[in-house]
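The numbering used here applies: residue 2 is where the sequence shown begins, and numbers increase by one. The structure appears below as structure tokens.
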Amino acid sequence: MDTRTLIRKTLIQMALQRARPGTGSRWELIRRRPSMPSLPNLAAILGPIPWAVVGALAARHYMPERATQDLDIAVLEKDASEVRGRLQQAGFRYVGAAWVSPEGVSVDVLELNAPWAEPALQAAQGNRDAAGFPILPLPYLILMKFEAGRMQDLADIARMLGMAASDQVDAVREVFRRYRPEDLEDLESLLTLGRLEWMGPEGASSPSIDERVDPDDQELA
């Protein structure tokens with residue numbers, strides 16, 4: 002067992018031992034989402050190149066939001082050179098490890114070469130928010146975070162799974178069967194943690210994410 006897998010399994014086991022029903026955020030607070038920052042029009046800049054929003058701004062599509070002012074996107078590794086050229090032509094500057102738009106928005110471009118990358122980005126083109134941004138579909142976002150394996154990623158996975166509908170969870174399982182069959186047990190453990198977090202005080206499950214968002218906020222979801 003490699004070190005990353007050992008750490009992941011240890012963290013999951015520790016969390017399962019300590020988890021108690023109803024320890025998540027209060028449902029009424031989840032209904033209030035802060036406005037998204039003003040984002041650059043990447044659709045116009047990147048043109049036909051397949052890309053998708055990932056990171057915190059994608060996760061807000063599936064769970065309560067974590068504060069962020071940055072935009073993380075994923076592209077195929079084979080398209081990375083053209084993406085960099087298009088960003089430069091649009092006036093972006095490369096600062097540190099991210100691109101900064103003329104308006105000062107930080108854009109982190111992740112270059113994917115995993116076997117699931119191309120179907121994930123293709124699926125994202127049909128999974129757009131009201132602003133027209135392609136959002137990485139939940140199964141692939143969870144898979145990407147699982148492979149990253151950081152503590153925050155594992156926590157995000159549990160929260161997203163805990164708020165997902167049964168058909169969404171089944172779709173996640175199917176993606177894991179295809180690409181990470183050896184990790185299905187850990188996926189189920191993270192689902193258990195997520196369900197416990199959102200369970201009501203009497204053991205009742207919480208409403209789905211769509212039921213928690215105010216109608217006035219739908220354009221941000």
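No residue lacks a Cβ here, since even glycine has one placed at the ideal position from N, Cα and C.
Candidates the options: closest to residue i by CA position
i	options	result
Y141	A121, F93 and A60	A121
M145	P51, A57 and I46	A57
A53	V110, A131 and P103	V110
P103	Q153, G48, E78 and S39	S39
V170	Y95, I143, G86 and R87	I143
T157	A172, E78, P65 and L77	With the sequence shown as reference, residue 157 is identified as Asp, and Thr is not the correct amino acid for it. Answer by Cα proximity: P65.
L113	A125, A75 and D187	A75
G150	D187, T193 and L194	D187
Pairwise C-alpha distance: residue j and residue i
i	j	result
E148	V84	24 Å
Y63	M164	7 Å
R129	I13	32 Å
R160	D80	32 Å
W100	R87	11 Å
D10	S190	Here residue 10 is Lys; the residue named in the question, Asp, does not match the sequence. Each residue's alpha carbon lies about 9 Å from the other.
A166	A172	10 Å
R196	L162	7 Å
Reduced DSSP category for residue i - H, G, I as helix; E, B as strand; rest coil
i	result
L40	coil
D143	This sequence places Ile at residue 143; Asp is not what is there. The answer is helix: DSSP assigns I143 an H, G or I state.
D80	helix
I74	strand
Closer than 6 Å: residue i CB and nearest the ligand MN heavy atom
i	result
A166	In the structure on display, the ligand MN does not appear, and there are no ligands present to speak of.
| Counting Cβ pairs closer than 8 Å, one from the stretch 80-93 and one from the stretch 40-50, do we hit at least three? | yes
| query | Are at least three pairs of beta-carbons, each pair with one atom in the stretch 128-136 and one in the stretch 47-62, less than 8 Å apart? | reply | yes
| said: In chain order, what are the residue ranges of uninterrupted beta strand (DSSP E) at least 3 long that sit wholly in the stretch 82-119? | reply: 94-96, 99-101 and 107-113
| task | Counting only runs of 4+ residues fully inside the stretch 136-202, write out the alpha helix (DSSP H) ranges in chain order. | result | 139-149, 152-164, 167-180 and 185-199
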